[in-house]
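Chemist: Before I ask anything, let me first share the structure, which is written out below as structure tokens.
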Amino acid sequence: MRAPSESRRSEGTEMNGVSSSPPSCNSRPSTWPIFVVHFLLPMSLLIIGSNYNDILSLFGVTSSHEAASTATTPIPSESDPDPFNTVHKKERELPQTTTKQMHQKQQPKKHQSRPTSPQSSDLYKNMEAQISQLKATYESSIGTPSEITSALRYADYLKQRDATIHDGGTYQMEAISVYLRAIDLLETRWRLEMLNGENTRSTRLEKEAASGTIMHDDMDYEEEDHTQDGLHRELLLDIEYKSTEGLLCAAYTNLGKVYFMSNMFGRAVSSYEQCLSYDASYLDALTYRAQANVILGRYKDAGRDYVRVMKLDTDRIFVDSFTGLAQVLSAKEDAVEGGWETLIQVLRAELPRYTEAYEGSKAANNQIGMKHFADTLKRMHHSMFKYHDGKTKDASEAWAHIQKGNEYKMSTVAPFNKKFEQQRVQAVKQVFVKGFFPQGIGSPTRTPIFVIGFVRSGSTLLERILDAHPLIVGTGEDSVFNGRLDFIRNKIVTASQAGDLSILHDTVTKLADDVVSDMIQRWEIIDANSREVSEDGEPEKDEEKAKPIRFSDKMLTNYMNVGFIHLLFPNALILHVAREPMDTIFSAFKHDFPSGGLDYTSEFEGLAQLYHSYRDVMEHWDIVLPGRVTHIRYEDMVTDLPNIAPKIIEAAGVPWDPSVLDFHKKKHAVNTLSTTQVRKGVYSHHLKEWKRYEPYLGELLELIGPRVKYDMKTTLSGYLRPVEVDQSNP
């Protein structure tokens with residue numbers, strides 16, 4: 008068997024000239040037989056005998072953070088909705104710039120085509136096939152009357168694909184480009200219709216009814232039910248039936264959502280505002296503009312939009328307005344006129360009505376109605392919890408609401424599968440054993456920094472500390488590495504079957520280089536499109552800004568994938584942030600995560616088992632890879648930041664920069680559940696916050712057992728706490 012290529016770069020040496028020692032880790036013996044027995048054979052059998060979802064679940068390849076539509080099944084209103092206050096077409100000024108100039112100012116800077124991450128799943132293959140078909144249809148329609156429809160269908164599907172498959176946003180730039188092309192064509196059509204005196208809000212069905220092609224009684228439900236002038240009435244119509252302005256609003260809003268998923272929050276807001284220039288009450292755009300403004304720290308603007316949506320959306324299709332407004336009020340109550348009462352008055356009036364509606368659907372076994380009402384009630388109760396938890400400080404009332412809200416949430420998901428969760432952990436422990444990792448395999452680069460841990464453990468604070476350094480940037484929670492993991496595993500299995508360590512080395516190095524390249528490309532695109540746009544449509548240059556050499560990847564569930572991370576990046580920094588167990592666990596319980604892998608944090612049994620799985624796996628890595636993972640106590644960060652921050656930066660292999668201590672002053676959008684908290688800087692008054700609810704957590708404490716204590720210490724090289732205190736006792 009041949010040894011790895013002699014041309015391999017030396018460990019600890021960066022391509023950009025920065026050299027630093029690799030993370031502390033015991034030397035690894037060459038154990039090819041162990042690798043074959045414990046990885047090659049199990050993985051080969053797993054690939055043959057399992058479907059994609061099973062494989063992903065076993066290794067924690069999930070993400071519950073995505074920008075998705077908040078629209079749910081509409082329900083009949085018990086009262087007539089107020090008329091929509093819209094900007095009529097005649098009141099909307101014609102654009103001052105030409106269509107071409109508008110296109111140039113909005114067109115994002117593109118990088119070279121980003122490689123699509125091959126996957127083995129049927130879902131992935133089916134979506135790729137559909138993309139190929141839609142792309143061919145779109146390209147063949149260019150220059151024909153059907154180009155707009157084909158472009159929008161193609162772009163919408165690209166958006167859906169990247170919201171479904173989390174691999175760093177493979178098609179986001181393509182979607183943006185196609186949306187802009189469609190918008191350019193639609194703006195031209197809008198001008199022509201205006202010049203000809205046509206109604207730019209007339210839908211296809213209305214035009215056909217006016218011409219006598221169809222009878223008025225044959226029109227769709229949405230058309231018959233919504234007689235007001237607002238474009239929101241077209242929300243559920245198919246592309247072919249929307250009016251010109253309806254298409255423009257939908258296109259601008261969906262373009263904004265792609266910008267949002269790409270972490271281009273300023274551009275997202277601008278895109279939503281383009282839609283709202285046609286109709287100031289377009290609820291989809293209002294809701295998402297509010298969400299983006301929360302991330303940008305513009306609480307007054309966000310609060311105004313959420314209040315407007317809450318008042319106009321009498322059918323409660325956009326129920327994110329409740330939780331979004333509660334988030335704004337929790338962060339800055341005076342940002343909303345009337346403060347908490349603006350929201351609480353509505354919730355108190357509607358909770359009984361929606362509770363009765365849910366019970367009615369349940370009695371009639373109406374599954375669609377039950378799901379809609381349960382989702383609405385969940386958000387209402389979670390908002391009431393925030394009010395009592397933060398404003399009235401009434402723990403009894405707060406607990407009643409969070410318990411009820413989580414009950415509604417769990418009523419819409421399948422029962423927790425404890426056995427499967429245990430098998431998931433066991434699979435990791437059986438594959439990645441002591442002596443598993445072959446010597447000399449993996450890229451020497453230290454470019455990625457992986458942040459792992461349990462949810463609500465303080466990872467956002469750690470990421471902000473890192474990101475405050477001019478040579479380190481965060482790439483968001485849509486992990487490039489995590490999205491490629493299925494492909495990475497399959498490639499390693501294939502290379503291993505050749506029985507040649509040199510082939511395995513080259514394969515792993517190529518896989519690692521591709522991940523790093525994609526992280527860098529993603530940052531370059533986001534950075535180029537986050538700057539102010541000058542009059543000529545080009546981003547303003549910042550000559551003094553240094554190029555980053557470290558990119559943090561904060562996909563917390565990667566604690567399941569430390570083995571794969573180490574295989575590809577044996578020198579990369581892996582930071583595990585941990586918080587006092589019950590603070591972490593209760594914080595997870597009270598937060599409404601997006602639907603996905605974290606649903607079961609909303610009930611005691613699932614939450615406890617997920618926490619045990621996390622602790623089991625982290626203990627396993629400390630046994631098989633002693634010293635490989637650097638542990639950081641969250642409590643040390645909030646009580647001893649001036650001493651611990653320099654050690655974090657030192658571990659990252661970059662020189663100290665005092666601006667790191669002022670991380671909360673940096674203008675940076677943070678798209679996490681902690682977005683409003685990290686803007687306040689470091690504070691410790693929330694430590695042991697769970698104690699207020701201890702009387703209600705007896706069952707959970709029993710399920711956690713001895714692990715209610717966690718004696719893990721910060722293991723950053725050279726860090727010593729000034730005063731040792733017991734952080735593990737509840």
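With our numbering as the guide, the letters of the sequence shown map in order to residues 8 to 737.
For each residue, glycine too, the CB sits at the ideal point set by N, CA and C.
#1: Should Leu473 and Ile656 be called a contact, given that it needs their Cβ atoms to be closer than 9 Å?
#2: So Ala595 and Val462 are supposed to be a Cβ contact under 8 Å. How far apart are they, rounded?
#3: Relative to the C-alpha of Glu154, which candidate in Ile592, Lys411, Asp191, Gln179 has its C-alpha closest?
#4: Under a three-way DSSP split, which group does Thr321 fall into?
#5: By a C-beta neighbour count over all protein chains shown, 10 Å radius and 16 as the cutoff for buried, is Gly449 buried or exposed?
#6: Under the rule that 16 or more other beta-carbon atoms within 10 Å means buried, what is Asn565, buried or exposed?
#7: Quick check: what's the CA-CA separation for Thr177 versus Pro702?
#8: Starting from Ala585, trace the alpha helix (DSSP H) in both directions and tell me its first and last residue.
#9: Measure from the alpha carbon of Ser524 to the alpha carbon of each residue in Arg714, Arg491, Met567, then state which is nearest.
#10: According to the Cβ coordinates, are Met417 and Glu610 closer than 9 Å?
#11: What residues in its chain sit with their C-beta under 8 Å from that of Ala381, if we drop five residues either side in the sequence?
#12: With a Cβ-Cβ cutoff of 9 Å, do Lys654 and Leu563 count as a contact?
#13: Between which two residues does the alpha helix (DSSP H) holding Ser390 run?
#14: Check whether the region 279 to 296 and the region 307 to 326 touch, using three or more Cβ-Cβ pairs below 8 Å as the test.
#15: Could you tell me the boundaries of the alpha helix (DSSP H) in which Gly263 lies?
#16: When we look at the beta-carbon of Phe427 and count the other beta-carbons within 10 Å, is it buried (16 or more) or exposed?
#17: Cutting at 6 Å between CB atoms, please list the residues of its own chain near Val326, excluding the five before and the five after it.
#18: Taking Leu580 and Ile495 to be in contact with their CB atoms under 8 Å, please state how far apart those CB atoms are, rounded to whole angstroms.
#19: Assuming Ala287 contacts Gly263 (C-beta within less than 8 Å), just tell me the rounded distance between them.
#20: With distances taken Cα to Cα, identify the nearest neighbour of Arg640 among Glu587, Pro649, Val316.
#21: Could you pull the start and end residues of the beta strand (DSSP E) that Asp458 belongs to?
#22: According to DSSP, is Asp507 part of a helix, a strand, or is it coil?
#23: Would you mind sorting Gln430 into buried or exposed? The rule is 16 or more other CB atoms within 10 Å of its CB.
#24: Can you check which of these residues, Arg622, Ala402, Arg188, Asp174, is closest to Glu146 by C-alpha distance?
#25: With 16 as the cutoff for other CB atoms within 10 Å, does Pro729 come out buried or exposed?
#26: Output the distance between the C-alpha atoms of Ala505 and Gly613, rounded to the nearest integer angstrom.
#27: Taking all protein chains shown into account, decide if Trp406 is buried (16 or more other Cβ within 10 angstroms of its Cβ) or exposed.
#28: Go ahead and pull the three-state DSSP assignment for Asp623.
#29: DSSP state of Lys480, grouped into three classes?
#30: According to DSSP, simplified to helix, strand and coil, what is Arg640?
#31: How should Glu470 be labelled, buried or exposed, when 16 other C-beta atoms within 10 angstroms of its C-beta is the threshold for buried?
#32: Just confirm the distance between the C-beta atoms of His619 and Met719, as a whole number of angstroms; I'd bet it's less than 8 Å.
#33: For a minimum of 4 consecutive residues, which ranges assigned as the alpha helix (DSSP H) are wholly contained in the region 282 to 357?
#34: Going by C-alpha distance, which of Leu710, Lys716, Arg557 is nearest Lys425?
#35: Among all the DSSP beta bridges, which residues are the ones paired with Arg557?
#36: Give the straight-line distance between the Cα atoms of Phe267 and Gly331, rounded to the nearest whole angstrom.
Modeler: Let me spell this out:
#1: Against a cut-off of 9 Å, the Cβ pair of Ile656 and Leu473 comes out as a contact.
#2: 5 Å
#3: Asp191
#4: coil
#5: buried
#6: buried
#7: 47 Å
#8: Careful: Ala585 lies outside any alpha helix (DSSP H), inside the beta strand (DSSP E) at 580 to 585.
#9: Arg491
#10: yes
#11: Tyr365, Tyr415, Lys416, Ser418, Thr419
#12: no
#13: If you look at Ser390, you'll find it in the alpha helix (DSSP H) that goes 374 to 394.
#14: yes
#15: 251 to 268
#16: exposed
#17: Thr383, Arg386
#18: Contact doesn't hold; Cβ gap of about 19 Å is too wide.
#19: With a Cβ gap of about 15 Å, Ala287 and Gly263 do not count as contacting.
#20: Glu587
#21: The sequence given here places Val at residue 458; Asp does not occur at that position. Start and end: 455 to 459.
#22: coil
#23: exposed
#24: Arg188
#25: Exposed.
#26: Just so you know, the alpha carbons of Ala505 and Gly613 end up roughly 42 Å apart.
#27: buried
#28: helix
#29: Strictly speaking, residue 480 in this sequence is Val, with Lys absent from that position. It is a strand residue.
#30: strand
#31: buried
#32: That pair is no contact at about 15 Å.
#33: 290 to 302, 306 to 319, 327 to 338
#34: Leu710
#35: DSSP output for Arg557 lists Ile479 as bridge partner(s).
#36: 16 Å
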